[in-house]
Structure formats: C-alpha cells, structure tokens
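Numbered by this note's numbering, the letters in the sequence shown go through residues -19 to 327 in order.
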Amino acid sequence: MWRRPLNVFCKHHRFLKGSCDGVKGMCGPQVSYSVPALPTASITALQAMALWERCFEDGGISEPECSSQYIIAHLLGAKTIGSLERESLTACLSREQTEKMWELCIQRLSRIPVQYVIEEWDFRDLTLKMRPPVFIPRPETEELVGIILADMQVKQGAGVCIKGQYTCLEVGCGSGAISLSLLKNLPQIKIIALDQSQDAVELTRENALRLGLQDRLQVHHVDIIKDAEAVVGLCSPVSMLVSNPPYLFSEDMTSLEPEILRFEDHAALDGGHDGLKVITQILTLAPKILINHGPVYLEVDPRHPPLIQRWVEDHVEGLQYVDTRHDITDRPRFCILQKKSQMHDLD
Ligand SMILES: C[S@@+](CC[C@H](N)C(=O)[O-])C[C@H]1O[C@@H](n2cnc3c(N)ncnc32)[C@H](O)[C@@H]1O
C-alpha cells in the first residue's frame, strides 16, 4: 500500500500557507507548543496515534491525522496503518517504541515535514530516502514522468526506434525521483542527472544504489547557470532533456508553508522574479545539448506556458514549442519543446 500525497506538498495547493493560526515560520517569532509527557504506563499504538493527532491539531500542524498515522506506521515497519494487522495497532508499544514515537512526533510538532521525520517517501512505484534540505518530490512530478513514459510508448508504437543509446539529461535531480523512475521503467535508457546542491547529488546517488539503478546513471554536482560550458561538455549529445526546475516567482516565496520555507532548500523553489531564471538557461542550452528532434519536458507554474512559448520564439532559434499539458486539476503545468533539425545534421 502506497502513501497518499499530503496536501501541503501538492503544487496545486501552490505551496502556499493555509490558515494555521498562531503558527509562524522561521521568519516570524518561534511558536511555543505543549509537548505531552512521555507516558509512564504502557500505551497502545492506537492510543499513541490518537494522542498525537490531538496534539498536532492543537499545535496547528497541517494534516494532523495523516502525520500521526504515517509516524506510527513507520515505527511499526509499515508504510500505512491500513497495511497493518489490527493486533499490532491494539498491542502495547515497547518502551523503546514509545520513546521513538515521542521523538519523531516532537520533530513533526516543530513543523518538520513528515517525509523528513520518517526519512523516506513514495514516488510512483519507488520508495526514496528523504533528507533535509533536499526537495521532497510532489505528486505533479509523478504526472510529468507519466507523460514522458506515455509519449515514449506512443513513439515506439508508431515505429520510432528508441535505440540502445537513448540518453536523457535531468537538470535538478533533487532526491533522484524523476531519473530513477525513468530508469526503472525504461531499461534502454541512460541518464545524466545534475544538481547545484551537493546534498541532492549525494541523495540521488544513495537512492540509486538502494534501488540497484546506479549502473545507467551518472550524477554530477554542477550548476547549469554558473557552469554552462561544463554542462554542455558533460552532457551533449542527449536524446531527451527533463527538468522540474525551481519555478516559483520570488514574491510567492514569503507565503510558503512553514514546513517548506524552513526545511527545504530555497534554491530548489525560487525561480527568480518571474520564475524563469533556471528555465531560460535550460532552454538556451537545449539546442547545444540535444540531438535533432530531441524533446524537452518541463514542469512549470501555470502562468508559464505562454511566457515560455513567446520567450523561445524570440530567443532560441534551434528550439520549437510543441505542446502544453495539464495536470489532474486541469492546470497548464507541463511544457514540451523539441530541438529543430539542422540541415547539416540531416543524413
Ligand atoms: C523543484 S526541485 C526538483 C527536484 C527533483 N527533480 C524532483 O522533482 O523532486 C529543483 C532542483 O533543481 C536544483 N537546482 C536549482 N537551481 C539549479 C541550477 N542552477 N543548476 C542545477 N540545479 C539546480 C535544486 O537544487 C533542486 O534539487
């Protein structure tokens, strides 16, 4: 049984703060919250869960029920409480388990995202290790991977040969969610993943090793803006480019939920004043990196698709805008572009 997405980490929630009365992020005053004393008598998993759910509610923690459920399930060696036998929930926790439950729940009470508290999260059919400040994968990005896989199937069905040497570049790999999902589903693909964050590079490598997907993956600590030449040298030519870049408009950063603002890397979120800082760099380099007709898949803000289309028409000769796709809430969230063929490359 897979974990369901938490609303606070859904992008159609747009990362923005809800009405958590009295709770302030790092930029505001610190919150005081009351922590229930460690019980002296034995307590069952269900009792501990109910007690902490109330406590999270009182502390203004978003999704209090899910938070306490995911923590207890993790403690009992499962992903969800639905996958546990009734007996393990009604049995008393050991002293060690009780202490661990308190330790993890106190972390959640201080607004640490539950994904960091339990140190893992699900992305499509993978379970990935999570560690702050590396970006926690969002459900929309699962849709992006689904779109790429469906398009690849259509191409194969139409007789387009996806050769043995099919290579993909991912810009901004974070925990490795996109690259590892593609590697798992496409045995013919090789991926070069890069990120400006050393923490992200290490976590992607660790997740690849845990999943046994390291052989077809190269991970580099590179900044696509500062090290543009190195990126072109390391990566070209590739068959496809994919990215879920930082794309929030800077002015929206201040209204993020405390969980996000305080614990996730701002460089993974802030795309500059118009959200396009990293996106325009990717699009500028794309024709130098891609083979002819190689596609670019981007996850973007719903305001971005027309801006990107116009920007590419005005600034990048070798690239054409192909399509805008919508997410499950019908918002325009994914842009597909393609390298134009160059006459001297045709044979
Ligand atoms: C929104 S996160 C996406 C992470 C991961 N691909 C996912 O979907 O969960 C954006 C990632 O881009 C990386 N990044 C931001 N600016 C970058 C740059 N200039 N060069 C390379 N990577 C960058 C961040 O460190 C972050 O890991």
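Cβ atoms here follow ideal geometry from the backbone N, Cα and C, with glycine treated the same way.
Worksheet entry | Buried versus exposed, by CB contacts within 10 Å (16 or more), residue 213 | exposed
Practice prompt. Please report the residue range of the beta strand (DSSP E) in which residue 50 lies.
Written response: Unbroken run through residue 50 is the alpha helix (DSSP H), 44 to 55; no beta strand (DSSP E).
Item to complete: Just tell me which of 150, 125, 245, 275 has its CA closest to the CA of residue 228.
Response: 245
Worksheet item: Among 105, 76, 306, which has the Cα closest to the Cα of residue 285?
Response: 306
Worksheet item: Residues in its own chain within less than 8 Å of residue 296 by CB, not counting five upstream and five downstream?
Response: 263, 264, 266, 267
Item to complete: Please work out which residues of its chain come closer than 7 Å, Cβ to Cβ, to residue 87, disregarding the five sequence neighbours upstream and downstream, and give them in chain order.
Response: 97
Discussion item. Please tell me whether, using a cut-off of 7 Å, the distance from the CB of residue 224 to the nearest non-hydrogen atom of ligand 1 is below it.
Written reply: yes
Item to complete: For residue 278, count neighbouring C-beta atoms within 10 Å of its own C-beta (all shown protein chains included) and say buried if the count is 16 or more, exposed if not.
Response: buried
Item to complete: Measure the CB-CB distance between residue 330 and residue 148 and report whether it falls below 8 Å.
Response: A query on residue 330 cannot be resolved here, the shown segment of the chain reaching from -19 to 327 and no further.
Practice prompt. Please state whether DSSP places residue 314 in a helix, a strand or coil.
Written response: strand
Fill in: From 157, 257, 176, residue whose alpha carbon lies closest to that of residue 122
157
Item to complete: Give the DSSP-derived three-state secondary structure of residue 220 in the structure shown.
Response: strand
Worksheet item: Count the other CB atoms within 10 Å of the CB of residue 309; is the residue buried (16 or more) or exposed (fewer)?
Response: exposed
Worksheet item: Just to confirm, does residue 282 get its C-beta within under 7 Å of one of the non-hydrogen atoms of ligand 1?
Response: no
Worksheet item: What's the C-alpha gap between residue 134 and residue 185?
Response: 30 Å
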